[in-house]
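Input: a single structure, listed below in structure tokens.
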Amino acid sequence: MASEIKKQSFESRIADLEAIVNHLQGGQLTLDDSIKEFKQGMELAQTLQKELDQAQATLAQLVDENGNFQPAEEVGDDLSNNGVQNQGYHSEFTKNEEN
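Counting in this note's numbering, the sequence shown runs from 2 upward without gaps.
Set out below in structure tokens:
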């Protein structure tokens, strides 16, 4: 499943996650099917969150602490998330875990 998830665009995977949520909220699934859908949705959400974190880390490397753009040559060409931590982004999934 993980390789199938990565082949789709980010936006397509968001749409898939929304469809899973709507399907679960519909109340028409059996318990077993609900568990399968939930598991698939959580795996997809985790994959999307990791991708968002990586994108945010890349952007953090391109913008200095004052919000000014730094060309890749100035920060180094390695924009692979080395040493950059999550700068406070929280998805709707992490908000629920905090409450």
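Glycine residues also receive a C-beta, built at the ideal position from the N, C-alpha and C atoms. On a predicted model such as this, the values are computed, not experimentally measured, just so you know.
Segment limits, alpha helix (DSSP H) that includes residue i
| i | result |
| --- | --- |
| VAL22 | 11-26 |
| GLU52 | 32-63 |
Contacts around residue i, its chain only, beta-carbon distance under 8 Å, and the 5 residues preceding and following it disregarded
| i | result |
| --- | --- |
| GLU45 | According to the sequence as given, residue 45 is Leu; it is not Glu. Same-chain partners within the cutoff: ILE6, ARG14, ASP17, LEU18 and ILE21. |
| GLU52 | PHE11 |
Distance between beta carbons of residue j and residue i, contact taken as under 8 Å
| i | j | result |
| --- | --- | --- |
| GLU12 | HIS24 | The pair is not a contact, with the Cβ atoms about 19 Å apart (cut-off 8 Å). |
| GLN71 | VAL64 | 7 Å |
Minimum C-alpha distance to residue i - residue among the options
| i | options | result |
| --- | --- | --- |
| LYS8 | LEU49, GLN29 and GLN26 | LEU49 |
Own chain partners of residue i with C-beta closer than 7 Å, once the 5 adjacent residues on each side are dropped
| i | result |
| --- | --- |
| VAL85 | Interpretation of VAL85 is limited by its pLDDT of 47, a score under 50 that renders its predicted location unreliable; the figure taken from the coordinates is listed afterwards. Closer than 7 Å at Cβ, skipping near neighbours: ALA58, ALA61 and GLN62. |
| GLY27 | none |
| SER35 | LEU25 |
| ASN67 | none |
Close Cβ partners of residue i (< 6 Å) along its chain, the five nearest in sequence each way excluded
| i | result |
| --- | --- |
| GLN47 | none |
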